[in-house]
Amino acid sequence: MIAFTKTKTFIYKFPVIVSTLLLIPLLIIVLVNVNTTSHYIIFSLESEKFTQSKILNILSDLNNRVNKDNFKAYLTLEPLSIKDNTFPKGSLILYVNKDNKKLILDFIKKHNIKKFLEISKINVPTLEIKPVKIAVLESGDTFYLYNSLNMLNFAYHKITPEDIKKNALDINNFDILIIPPGTSHTIAKNLGEIGGKKIREFIEKGGNYIGICAGAYLLLSDSTHGIESLKFLKDIETLNQKPWNIGMGVLKIKMKEHPITLGLNYEELPVIYINGPIIKNINPNYNIASYLPLSSPKDFLNNLPNLYELNKIITTGIALSHIPFKKGDIILFSFHPELNSLPGTSIKLSDPYNLRLLFNAIYFSINS
1 MIAFTKTKTF IYKFPVIVST LLLIPLLIIV LVNVNTTSHY IIFSLESEKF
51 TQSKILNILS DLNNRVNKDN FKAYLTLEPL SIKDNTFPKG SLILYVNKDN
101 KKLILDFIKK HNIKKFLEIS KINVPTLEIK PVKIAVLESG DTFYLYNSLN
151 MLNFAYHKIT PEDIKKNALD INNFDILIIP PGTSHTIAKN LGEIGGKKIR
201 EFIEKGGNYI GICAGAYLLL SDSTHGIESL KFLKDIETLN QKPWNIGMGV
251 LKIKMKEHPI TLGLNYEELP VIYINGPIIK NINPNYNIAS YLPLSSPKDF
301 LNNLPNLYEL NKIITTGIAL SHIPFKKGDI ILFSFHPELN SLPGTSIKLS
351 DPYNLRLLFN AIYFSINS
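full-length UniProt numbering puts the first residue of the sequence shown at 1, with every later residue one more than the last.
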């Protein structure tokens, strides 16, 4: 049970015909009644019936304000019921005090959030949305990754393999290292044994690693890139069909309930896949998402003889995993959470909401 004081539910109901000039003073009058002492407000991103694009816009703006305006924000990991109000997991909580109240209310107004509740403290598990120090390896295919991080308003620092070799990847400087897609052999060669050792040390000391496609393959024990210091995920392998060229396009994943999948449809999510590693021999507790069988070759460029052969491979491995490693965490994406279309083709997702996985993965890693 969550404690609360002076609980108020605000639902703005305006007449259909009302001028814009009247809206502003009315909104101010209602919000003046909000408790002036330190407290929190909670609202659901689902009950407002926002589109997925609208939710991404809210989260992106929130990221910006966390960095620029020192917002303190949290996403709930469990449902919360207070009196007649139910807030599903994934609801957003904002900290309010006399110094930031106007900024908070401006945020609410900007995003047309019509119902929120005032509470005095948080008694549910949450992911804290806070400034995060991200390093992105400047090797591989970074263009779309940078675009997605910019779209979500994440600040990041580009770090080269040479920087890593020279001890730039320090736990005091960065929270997360993201290894982009590309060619794993090239990335591994650029890092070398010294770079691989530095990455392992970073994770062991509490740093976090997010690997996308080639970045996921890099750490697997049976990777063929030849840099032994990078292959430290012992016994975690990939379904190595040689040559590994099964195809690319839209696949669907089924996800488990997990902070990384917060706000998404667990049963089915379309994603862009480009010959990524299909991971096997993994602890079931580390499995977050698996591929669903493809029912039609539409929107997928299959390089195997038929769908049966493709489905036999993709449905026997893992699409997304979270692996605790010493003091750090490793998140491996077999597919591309940063893409909403297949580059160079007309194949695309109907909605870019798969970006939510990247947003969630970043904040889960620094909260776990």
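In this text, a Cβ means the ideal position worked out from N, Cα and C, and glycines have one as well.
Burial state of Leu56, where buried means 16 or more other Cβ atoms lie within 10 Å: By one-based count along the sequence shown, residue 56 stands at place 56. Around the beta carbon of Leu56, a 10 Å sphere encloses 16 or more other beta carbons of the protein chains shown; the residue is thus reported as buried.
Candidates Tyr273, Leu307, Asp299, of which the one nearest Leu320 by Cα: By 1-based counting over the sequence shown, the position of residue 320 is 320. If we check each option's Cα against that of Leu320, Tyr273 comes out closest.
Residue environment, Lys98, which counts as buried when at least 16 other CB atoms sit within 10 Å: Residue 98 sits at position 98 when you count from the first residue of the sequence shown. So Lys98 ends up on the exposed side.
CB contact flag (Phe71, Ile134, <8 Å): Here residue 71 refers to the residue found at position 71 when the sequence shown is read from its first residue. Here residue 134 refers to the residue found at position 134 when the sequence shown is read from its first residue. Not in contact: Phe71 and Ile134 (Cβ atoms no closer than 8 Å).
Distance between Ile313 and Lys130 (C-alpha atoms, nearest Å): Within the sequence shown, numbered from 1, the residue matching residue 130 stands at position 130. Within the sequence shown, numbered from 1, the residue matching residue 313 stands at position 313. If you take the alpha carbons of Lys130 and Ile313, they lie about 39 Å apart.
Spatial distance of Pro310 from Asn302 (CA atoms): Counting from 1 along the sequence shown, the entry for residue 310 is found at position 310. Counting from 1 along the sequence shown, the entry for residue 302 is found at position 302. Contrary to the premise, residue 310 reads as Leu rather than Pro in this sequence. The alpha-carbon atoms of Leu310 and Asn302 are separated by roughly 8 Å.
Of the residues Glu46, Tyr291, Ile331, the one placed nearest Ile318, counting alpha carbons only: Indexing the sequence shown from 1 puts residue 318 at position 318. The candidate whose alpha carbon is nearest that of Ile318 is Tyr291.
Three-state class that DSSP yields for Gly196 in the structure shown: Numbered from its first residue, the sequence shown carries residue 196 at position 196. If DSSP states are grouped into helix, strand and coil, Gly196 belongs with the helices.
Of the residues Ser81, Asn287, Asp222, Gly195, the one placed nearest His258, counting alpha carbons only: If you number the sequence shown from 1, residue 258 lands on position 258. Cα-wise, what sits closest to His258 is Asn287.
Own chain, CB closer than 6 Å to residue 425, minus 5 neighbours either side, in chain order: Because the chain spans 1 through 368 in this model, residue 425 falls outside it and cannot be assessed.
Backbone CA spacing between Ser350 and Ser341 [nearest angstrom]: Numbered from 1 along the sequence shown, position 350 holds the residue referred to as residue 350. Numbered from 1 along the sequence shown, position 341 holds the residue referred to as residue 341. Their backbone Cα atoms lie some 9 Å apart in a straight line.
Ile203 versus Asn112 - alpha carbon distance: Walking along the sequence shown from the start, residue 203 turns up at place 203. Walking along the sequence shown from the start, residue 112 turns up at place 112. Using only the alpha carbons, I get a separation of about 41 Å.
Cβ-Cβ distance between Pro293 and Thr315 below 8 Å: Reading the sequence shown from its first residue, position 293 is the one you call residue 293. Reading the sequence shown from its first residue, position 315 is the one you call residue 315. By the CB criterion at 8 Å, Pro293 and Thr315 fall inside the cutoff.
Buried or exposed (CB count within 10 angstroms, at least 16 for buried), Thr261: On the sequence shown, position 261 is the one that residue 261 refers to. Burial call: buried.
Where Phe116 sits in the DSSP three-state scheme: Stepping through the sequence shown from its first residue, residue 116 is reached at position 116. Strand at Phe116.
Three-way DSSP call (helix, strand, coil) for Tyr363 in this model: As a working note, residue 363 is residue 363 in the sequence shown. The answer is helix: DSSP assigns Tyr363 an H, G or I state.
Segment contact flag, the stretch 156 to 173 with the stretch 63 to 78, C-beta cutoff 8 Å, min 3 pairs: no
Glu338 versus Asn147, Leu219, Leu239, residue with shortest Cα-Cα distance: What you label residue 338 is simply residue 338 of the sequence shown in a count that begins at 1. Minimum Cα distance to Glu338 is reached at Asn147.
Local Cβ density within 10 Å of Glu267, reported as buried at 16 or more and exposed below that: Walking along the sequence shown from the start, residue 267 turns up at place 267. So Glu267 counts as exposed.
Stretch pair the stretch 135 to 145 + the stretch 103 to 121: three plus CB contacts closer than 8 Å: no
Contact between the stretch 349 to 365 and the stretch 221 to 240 (3+ Cβ pairs under 8 Å): no
Which listed residue (Ser184, Thr183, Gly195, Pro125) has its alpha carbon closest to that of Ile159: Position 159 of the sequence shown, counted from the first residue, corresponds to residue 159. Comparing Cα positions, the closest option is Gly195.
Distance between Lys197 and Asn190 (C-alpha atoms, nearest Å): Walking along the sequence shown from the start, residue 190 turns up at place 190. Walking along the sequence shown from the start, residue 197 turns up at place 197. Cα to Cα, the separation comes out at about 13 Å.
Cα-Cα separation, Ile28 to Ile58: In the sequence shown, the residue the question calls residue 28 occupies position 28. In the sequence shown, the residue the question calls residue 58 occupies position 58. With a pLDDT of 33 at Ile28, under the threshold of 50, the predicted position of this residue should be treated as unreliable, and no value is reported.
Where the beta strand (DSSP E) containing Asp329 begins and where it ends: Along the sequence shown, one-based indexing puts residue 329 at 329. Per DSSP, Asp329 belongs to the beta strand (DSSP E) from 328 to 333.
Short CB-CB distance (under 8 Å) between Ala73 and chain B: Judged by its chain identifiers, the structure shown contains no chain B, having just a single protein chain.
Cα-Cα separation, Lys348 to Leu220: Start at 1 with the first residue of the sequence shown, and residue 348 comes out as number 348. Start at 1 with the first residue of the sequence shown, and residue 220 comes out as number 220. Going from the Cα of Lys348 to the Cα of Leu220 covers about 29 Å.
Ala214 and Met255 closer than 8 Å at C-beta: Translated into the one-based positions of the sequence shown, residue 214 becomes position 214. Translated into the one-based positions of the sequence shown, residue 255 becomes position 255. Not a contact, by the Cβ cut-off of 8 Å.
Start and end residues, beta strand (DSSP E) containing Ala73: Numbered from its first residue, the sequence shown carries residue 73 at position 73. For Ala73, the enclosing beta strand (DSSP E) has its first and last residue at 73 to 76.
Expected contact under 8 Å - CB spacing of Leu218 and Ile187 to nearest Å: Here residue 218 corresponds to residue number 218 of the sequence shown, with the count starting at 1. Here residue 187 corresponds to residue number 187 of the sequence shown, with the count starting at 1. So it is a contact: roughly 6 Å between Cβ atoms.
Continuous alpha helix (DSSP H) stretch holding Ile318: start and end: By one-based count along the sequence shown, residue 318 stands at place 318. Annotation: Ile318 is outside any alpha helix (DSSP H) and is labelled neither H nor E by DSSP.
Residue ranges of each beta strand (DSSP E) within the stretch 275 to 299, 3 or longer: 287 to 291
Per DSSP, cross-strand counterpart(s) of Ile178: Indexing the sequence shown from 1 puts residue 178 at position 178. DSSP lists Val136, Ile210 as partners of Ile178.
Reference Val66, options Gly90, Leu94, Leu45, closest by Cα: By one-based count along the sequence shown, residue 66 stands at place 66. Selected option, being the one with the closest Cα: Leu94.
Cut-off 8 Å between Cβ atoms - residues of its own chain near residue 393, not counting five sequence neighbours on either side: Shown here, the chain extends from 1 to 368; a query on residue 393 therefore has no answer.
Counted within 10 angstroms of its Cβ, other Cβ atoms place Thr86 as buried (16 or more) or exposed: Stepping through the sequence shown from its first residue, residue 86 is reached at position 86. Per the 10 Å Cβ criterion, exposed.
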